[in-house]
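**Q** Numbering (my numbering), first residue to last: 3 to 135. In this text, a Cβ means the ideal position worked out from N, Cα and C, and glycines have one as well. Sending over a structure as structure tokens; questions will come in a sec.
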């Protein structure tokens with residue numbers, strides 16, 4: 003009986019130690035974020051492209067020069083530039099849509115992702131999008 007108790011105690015302590023390991027940070031969709039993959043020396047444009055194609059899930063609906071389920075990045079960039087508007091403020095939910103308001107309901111789910119991003123990340127997204135001409 004003592005052997006069984008010692009084995010059970012050792013197993014319980016081992017499981018406790020393993021389960022108290024470092025928690026992994028996740029994005030808005032619950033996917034793990036690997037900080038080692040993000041280069042410290044990235045330009046805002048490079049970070050923006052990475053976020054656009056990854057964590058932000060923007061590339062699902064937006065392509066650089068063709069409209070799919072969402073307007074093209076070129077169209078978005080042109081309209082925001084012409085109207086002197088801020089893409090980052092829209093992505094943070096602080097302004098109304100100006101490109102295609104009829105698609106806003108579809109875009110709302112992704113805005114929850116961008117609202118959770120840091121200011122630097124949202125600015126990087128804007129930098130990347132405005133670089134597409």
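If you follow the alpha helix (DSSP H) that residue 90 is part of, which residue opens it and which one closes it?
**A** Run containing residue 90: 89-93, per the alpha helix (DSSP H) assignment.
**Q** Residues in the same chain with beta-carbon distance under 7 angstroms from residue 129, minus the five sequence neighbours each way, listed in chain order, please.
**A** The residues are 46, 47 and 50.
**Q** Assign residue 82 to buried or exposed, taking buried as 16 or more other Cβ atoms, counted over all protein chains shown, within 10 Å of its Cβ.
**A** Under this definition residue 82 is a buried residue.
**Q** Under a Cβ-count criterion, where at least 16 other Cβ atoms within 10 Å of its own Cβ denotes burial, should residue 68 be classed as buried or exposed?
**A** Exposed, by the Cβ-count rule.
**Q** Can you tell me the Cα-Cα spacing of residue 121 and residue 134, whole angstroms?
**A** Answer to the nearest angstrom: the Cα atoms are 21 angstroms apart.
**Q** When DSSP labels each residue in this structure, what does residue 118 get in the three-state scheme?
**A** The answer is coil: DSSP assigns residue 118 none of H, G, I, E or B.
**Q** Going along the chain, which residues of its own chain have a beta-carbon closer than 7 angstroms to the beta-carbon of residue 105, five neighbours each way excluded?
**A** Around residue 105: 72.
**Q** Can you tell me whether residue 75 is buried or exposed? The criterion is at least 16 other CB atoms within 10 Å of its CB, across all chains shown.
**A** By the 10 Å Cβ count, residue 75 comes out buried.
**Q** So, for residue 52: in the same chain, excluding its five sequence neighbours on each side, which residues have a beta-carbon less than 6 angstroms away from its beta-carbon?
**A** Counting only Cβ-Cβ distances below 6 angstroms, and skipping sequence neighbours, we find nothing.
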